[in-house]
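Colleague:
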Amino acid sequence: MEKEAKSKYANSVKEGIKGISRRRFLCNSVLAAAGWVATTAGGWVLRPEWANAATGPIKIGALLPISGSSASMGIGCWQMMQVWAKKVNDNGGVLGRPVELYIEDYGSEIPKAVQAARRLAQQRGVHMITGTFWSSTRIAVKKQITVRDKLPFFYPAEYEGGECTRNLFCTSNVPNHVANPLVSHLLKTGSKRFALLGSDYTFPRNFNKAYRKILEEKNIDIVFEEYYPMDQTSFASLIAKINNEKIDCVLSNVVGGWLSFYKSLFESGYYENGGRVGCHFMDESMYTFVPSKYIPGLISCMESYLHLDRPYNKMVKKAYYDMFPDTKAEPGYAPGSTWRGLQFYEQAIIKTNGDLRTEAITEALPGIKLKDSIGGPAEMVGNHCKFNIYVARNVGKTYEILDQYDMVDPRECV
Amino acid sequence: MELVVKMVFEILSYTSILLIVVMGLAVVISMMGVFNIAHSEFVLLGAYVVYIFEVWSFPIWLGILFAPFFVGYIGFLIEKVIIRRLYDNAIIGILATYALAIVIRETVRALLEGQAYSVATSYGGSFKAFGLYFSIWQSVIIILTVVMIASCYLIFTRTSVGLKVRGALDNPMLSRSSGILTTQLYSYVFAFGSALAGLAGALVVPLYGISADLGLLFLVQSFLSVMLGGVGGFIGPIFGGGVIGSSLSVFQWVRDLSGLDQFIAPVFVDVTVFAAALIVVKYRPNGIFSSKS
Amino acid sequence: MCLKNKINMNKIPKYRALPVFEGAVFALLLFVPLIADKFVISSLTVFLLLSMLAISFELCWGYTGILTFGQGFFFGIGGYVVAILMNKAQVINFYVLSAGAIGIGILLGLFFGAFLFLGKRVPTIIFIAIGTMTLSYLGERFFTGWAWVGAANGQTLWEVVEVFGVEFIPGVKAFYVVMFFLTIIYLLCRFVVRSQLGLVCSGLRQSEERLKFLGYQIQVPKLIIFTFAAAIASFAGGVFSLHEGFVGPTSLGFTFSAYAALYCLFGGSGTLIGAIIGTIAIEMARLYLSDINMIKHYWQIVLGAILIVVILFRPHGIVGLFVGTRERIGYFGFRGTRKLKVKADKYV
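Residue numbers (the numbering used here), protein chains in the order written: chain A, 1 to 414; chain B, 1 to 293; chain C, 1 to 348.
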């Protein structure tokens, strides 16, 4: 069955991609190998071979940055979507209808993202859109998608919370998920003098606000709180301050210039003096950006990790690497969250008995429970998700799970 | 006291890199009047060379050695094809080099497949001196910069090539009539400027990692340094780079340590320094040390 | 310039190509929505707004010799003012919003223009270029750090605004509204550049020294044109943010400024219609180049390479292919351009 499906994909590929003579364009080869067909109207379509089903395919739009500065995140999510689509189509689709994927690359440029969203809705006629990472991109496109084109929008990235727009569903963590587990663990294991750091935009500030709330409830003093521009390259004065003030726990949400920050922190002897770092969003997929040796013993807190020892995670990981054996993009938290969102969408369609209208889907989603997903079961509450939260520590090549909190409630938009 | 030592070290380290970039830019602007916006992308190319050496498991120090020559050669080719058409028209020069910068940056982005990577992590680590930790690599950079500046100065003032360059800088017409092949000289000078940028990129990549947007970190800083310091001389760009580099660092430290950090966000550091630089340039249009009036 | 393109006396065209060109472009734009789909229409509307940005650059550079990389800044500021008025002051009256955008453009144009142009010494072109480039760069950084206007997240514009009784949402109606504004702005600019002020600016473009010796305070017309251009850019930015429903720090950044320059260069500097043609050409290229499978991931490189080639070999752009230099330089004055044409022939 697998081989048949693959050769059928290959045939449609041959039909669709005439004129590409240079196989060394890696991305195109990957797309072709996975069965993506280039449409004459532009964009890419993943069409299952039985696309002639009577009620027509379910069209899902991927609004992802495949090129540009955020490409590293986009490629993983897009590949994960393909793995999911194949799995669903191999099992007869959703309620007998095949799933068709449409990709629009917005090249990490915000104005292009709005245009790409418009295109997915108006020219490709998709029923749902998933994608974008930075909050600025999400905010730029949300009116276009949820109001003007009136489509459900699944946002896979973790973010600062507060997004209560109708038809917009967030499938990854927010501060209310991770603040308590992370801070409690740090306090439990002996940290006393805290510094809150971050890059200067809403995401770091909101997470730090949540951390501050918990620390203040426990009457712990925060020695200082600082924010730096995204393109900051030199953190020397900050690190001198950290060492001078004898900080023993840095709660970091530094994103811009993080390599320089963690490297300088490491070289300043901070860890030798017993210091620790807590950064909730670090996972194995970030090792290429910040090498593990610069963040020894870093405590992180997410809803899933790459090497999590659960059958469901392993199943998805295997399917991912089967389809993309040479990929450099790892199935980190964002691809996992994209998968989760797709699962919710599938369940919503089943619940509405095939009614793909946005109003129906939006009504159906809250309350849906996933028996199992990446990282554990999940439940849609409002437009955010309840799921397991893990506290983990960086130990060289992987993250060792230290604590598990089951089905944490995000308490968003109540 | 130790804070002062750390601060001085940091200023030296940050300013060193900027100086290498600025010197390369200044020499191109002074001689040929081309405001090469693509100059900061040569920094990116130098960084990329070192990254490739690491990917192919060649010794990194070899990559750092090779980078300036490779980028210099690329600069040489680019000069022959594109830059030499821009000499009579500085404005078209700005726009053409802007488009060139896009081409270089996006080519590297495509080669990196849009990713960012940390490079030469084995070059990290610190040593202890006077009870303080200092980054090994940053110390190397400072030393190398001093060596570079000294060698450039010696080449500029003590060699016959340097004499020709000074002559062509001062009075191109006269030098041509004296038999100096200015077109050939321009090619070599442009290549030299690009090589300097490539060297800066190679040296800085263990600190910042490589991503396609690396060059953009130096763009405005280098231009303002050249404008501030003045074109046509040796002292000018060094002064300009030194002022901009140290102002940015010092301001940051002042902010952190004086308790003003609550009132002044870090982003205001650049805004203030650059606005100040612009104001100075407005009233001293040729920069503070200029050999051209 | 005249030496290079010596006009053969026997070959002076009997009709003027430029108005024909202008007419053709506008006519084409008027009819496109009747045959295109909604996505193309929405995209084209955005391109028209970007053309206004290009026109503002063209006024400065093509007509007055001011190389400004700051038009993006005014564009973004206009967008921010509209967003702030709408979100913080609940203003949804289009006239108030556009007055706000235009007003901020004039204010900031005067302020920065005064800094850049006025003073004892005449600023060099490079100083203006780098100065305005720094303005865009600093503007973007400043707004990225300013929490009140949304910092890096920018602002969403949720309300729907009514313009001339039509809801301003992307679509055919919005297209014609923007077309209307573009025509007004175009005619206004054409009027200005053909006026006496335009004549002075043209002289500035050719040779500042000469004009100085003729006794002109050359910085004043520069400041006027700069402010006027800033107002146009801000207005365009305001309407742009209403159309897209969003404004952010990247809206004020250097990218928009640089693209304004590239649009004009590509279309043909020295003519207003060149700005429009260049914008539409480059933006269409951006849209459709990224679809071609072979170069899908490399279209930016291809675009950059095309721009380099155009800049080096065809500095007069697309318009330069069709319209002679004499026409591009322009005619001035109100009465009987035919009279002027006859006079000019003698000296050319």
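For each residue, glycine too, the CB sits at the ideal point set by N, CA and C.
1) Please report the distance separating the alpha-carbon of I239(A) from that of G382(A).
2) Can you give me, in chain order, the residues of the segment 210-234 of chain B that have a beta carbon less than 9 Å from any beta carbon in chain A?
3) Give the DSSP-derived three-state secondary structure of R24(A) in the structure shown.
4) Any C-beta of chain C sitting closer than 8 Å to the C-beta of V28(B)?
5) Just list the residues that DSSP pairs T288(A) with in beta bridges.
6) At a CB distance below 9 Å, what residues from the segment 35-60 of chain C approach chain A? Give them in sequence order.
7) So, is K86(A) buried or exposed, given that buried needs 16 or more other C-beta atoms within 10 angstroms?
8) Since F175(C) and T279(C) should fall inside the 8 Å C-beta cutoff, what is the C-beta to C-beta distance between them, to a whole number of angstroms?
9) Using a beta-carbon distance cut-off of less than 7 Å, what residues from the segment 234-262 of chain C approach chain A?
10) I need the DSSP call for K6(B), collapsed to helix, strand or coil.
11) For the segment 148-160 of chain C, list every residue whose C-beta sits within 7 Å of some C-beta in chain A, in sequence order.
12) From which residue to which residue does the alpha helix (DSSP H) around H177(A) run?
13) Helix, strand or coil for D170(B) per DSSP?
14) With a CB to CB cut of under 8 Å and the five nearest residues on each side skipped, what residues in its chain are close to E54(B)?
15) Assuming A116(B) and G209(B) are in contact, meaning their beta carbons sit under 8 Å apart, how far apart are those beta carbons, in whole angstroms?
16) Thinking C-alpha only, which one of F94(C), I66(C), S195(C) and A99(C) is nearest G131(C)?
17) Using beta carbons (cut-off 8 Å, strictly below), is I77(C) in contact with chain B?
18) Starting from the N-terminal side, write out each stretch of the beta strand (DSSP E) that is 3 residues or longer and does not extend beyond the segment 66-142 of chain B.
19) Going along the segment 81-114 of chain B in order, which residues come within less than 8 Å of chain A, judged by CB to CB distance?
20) In angstroms, rounded to a whole number, what distance separates the CA positions of F218(B) and T15(B)?
21) Does L308(A) come within less than 8 Å of chain B when only Cβ atoms are used?
22) Can you name the residues that DSSP bridges to K386(A)?
23) Along the alpha helix (DSSP H) that carries I401(A), what are the first and last residues, could you check?
24) Between S300(A) and chain B, is the shortest Cβ-Cβ distance under 8 Å, so that the two count as touching?
25) Between D231(A) and chain B, is there a C-beta pair that is closer than 8 Å?
26) Flag F239(B) as yes if its beta-carbon sits less than 8 Å from any beta-carbon of chain C, otherwise no.
27) What residue range is occupied by the uninterrupted beta strand (DSSP E) comprising G278(A)?
28) Step through the CB atoms of chain C and report whether any lies within less than 8 Å of the CB of F130(B).
29) Run the CB neighbour count on Y283(B), radius 10 Å, all protein chains shown included, and call it buried at 16 or more, exposed below.
30) DSSP three-state label for A53(A), please.
31) Over what stretch of residues does the alpha helix (DSSP H) that includes S268(A) continue unbroken?
32) Evaluate C279(A) with the Cβ neighbour count: other Cβ atoms within 10 Å of its Cβ, from every protein chain shown; 16 or more gives buried, anything less gives exposed.
33) Around the C-beta of M173(B), are 16 or more other C-beta atoms found within 10 angstroms, so that it is buried, or is it exposed?
34) Report the residue from L108(C), H316(C) and P249(C) whose alpha carbon sits nearest the alpha carbon of Q155(C).
35) My understanding is that M230(A) touches G256(A), with C-beta atoms under 8 Å, so please give their C-beta distance in whole angstroms.
36) Contact criterion: CB-CB distance below 8 Å. Does G76(A) meet it with respect to chain D?
Modeller: On the basis of the data shown:
1) Within the first sequence, the letter at position 239 stands for residue 239(A). Within the first sequence, the letter at position 382 stands for residue 382(A). When rounded, the distance between both Cα atoms is 41 Å.
2) Within the segment 210-234 of chain B, those residues whose Cβ lies closer than 9 Å to any Cβ of chain A are, in chain order, S211, A212, D213, L216 and L217.
3) Against the first sequence, residue 24(A) aligns to sequence position 24. In this prediction, R24(A) scores a pLDDT of 28, lower than 50, which makes its location untrustworthy; no coordinate-derived value is stated.
4) Position 28 of the second sequence, counted from the start, is the residue given in the question as residue 28(B). With respect to chain C, the C-beta atom of V28(B) has no partner C-beta closer than 8 Å.
5) Indexing the first sequence from 1 puts residue 288(A) at position 288. Answer by DSSP bridge pairing: none, since T288(A) is not bridged.
6) If the cut-off is 9 Å between Cβ atoms, the segment 35-60 of chain C has D37, K38, F39, V40, S42, S43 and V46 near chain A.
7) Mapped onto the first sequence, residue 86(A) falls at position 86. So K86(A) counts as buried.
8) Position 175 of the third sequence, counted from the start, is the residue given in the question as residue 175(C). Position 279 of the third sequence, counted from the start, is the residue given in the question as residue 279(C). Between T279(C) and F175(C) the Cβ distance is about 15 Å, and since that is not below 8 Å, they are no contact.
9) Cβ contacts with chain A: E244, G245, F246, G248 and T250.
10) Taking the first residue of the second sequence as 1, we reach residue 6(B) at position 6. Three-state DSSP puts K6(B) in a helix.
11) Per Cβ criterion, the list reads A151, A152, N153, G154, T156 and W158.
12) Here residue 177(A) corresponds to residue number 177 of the first sequence, with the count starting at 1. Looking at the DSSP string, the run of the alpha helix (DSSP H) that includes H177(A) is P175 to K188.
13) What you label residue 170(B) is simply residue 170 of the second sequence in a count that begins at 1. The answer is helix: DSSP assigns D170(B) an H, G or I state.
14) By one-based count along the second sequence, residue 54(B) stands at place 54. Take E54(B), set aside five residues on each side of it, and the residues of its chain with a beta-carbon closer than 8 Å to its own are I60, G63, V119 and A120, in chain order.
15) Position 116 of the second sequence, counted from the start, is the residue given in the question as residue 116(B). Position 209 of the second sequence, counted from the start, is the residue given in the question as residue 209(B). The Cβ separation is near 6 Å, so the contact holds.
16) For the purposes of this step, residue 131(C) is taken as residue 131 along the third sequence, with counting starting at 1. For G131(C), the nearest C-alpha among the options comes from I66(C).
17) Taking the first residue of the third sequence as 1, we reach residue 77(C) at position 77. So no, I77(C) is outside the interface.
18) Runs of the beta strand (DSSP E) inside the segment 66-142 of chain B: 126-129 and 132-135.
19) Closer than 8 Å at the C-beta level to chain A, one finds these residues of the segment 81-114 of chain B: R109, A110, E113 and G114.
20) Counting from one through the second sequence, the residue named residue 218(B) turns up at place 218. Counting from one through the second sequence, the residue named residue 15(B) turns up at place 15. Straight-line measurement puts the Cα of T15(B) at about 11 Å from the Cα of F218(B).
21) Locating residue 308(A) in the first sequence gives position 308, counting from the first residue. Interface with chain B (8 Å Cβ-Cβ cutoff): L308(A) is excluded.
22) Indexing the first sequence from 1 puts residue 386(A) at position 386. Partner(s): E379(A).
23) Walking along the first sequence from the start, residue 401(A) turns up at place 401. Per DSSP, I401(A) belongs to no alpha helix (DSSP H); it is in the beta strand (DSSP E), Y399 to V408.
24) On the first sequence, residue 300(A) is found 300 positions in, with the first residue counted as 1. S300(A) has a beta carbon lying at 8 Å or more from every beta carbon in chain B.
25) The residue labelled residue 231(A) in the question sits at position 231 within the first sequence. Yes, because at least one Cβ of chain B sits closer than 8 Å to the Cβ of D231(A).
26) On the second sequence, residue 239(B) is found 239 positions in, with the first residue counted as 1. Judged by the 8 Å Cβ criterion, F239(B) is not in contact with chain C.
27) Position 278 of the first sequence, counting from 1, holds the residue named residue 278(A). G278(A) -> beta strand (DSSP E) spans R276 to G278.
28) Counted from its first residue, the second sequence places residue 130(B) at position 130. Not an interface residue.
29) Counted from its first residue, the second sequence places residue 283(B) at position 283. Y283(B) should be labelled exposed.
30) Within the first sequence, the letter at position 53 stands for residue 53(A). At A53(A), the pLDDT of 47 sits below 50, so the modelled position is not reliable and the matter cannot be decided from this model.
31) The sequence position of residue 268(A) within the first sequence is 268, counting from 1. Annotation for S268(A): no alpha helix (DSSP H) segment contains it, and DSSP assigns it neither H nor E.
32) Along the first sequence, read from residue 1 onward, the residue named residue 279(A) stands at position 279. The Cβ neighbour count for C279(A), taken over all protein chains shown within 10 Å, is at least 16; the residue is labelled buried.
33) As a first step, residue 173(B) is located in the second sequence; it is residue number 173 there, counting from the start. With fewer than 16 Cβ atoms within 10 Å of its Cβ, M173(B) is classed as exposed.
34) To locate residue 155(C), count along the third sequence from 1; it is residue 155. Nearest option by C-alpha distance: P249(C).
35) Along the first sequence, one-based indexing puts residue 230(A) at 230. Along the first sequence, one-based indexing puts residue 256(A) at 256. The pair is a contact, with the Cβ atoms about 3 Å apart (cut-off 8 Å).
36) This model lacks chain D altogether, as its protein chains are A, B and C.
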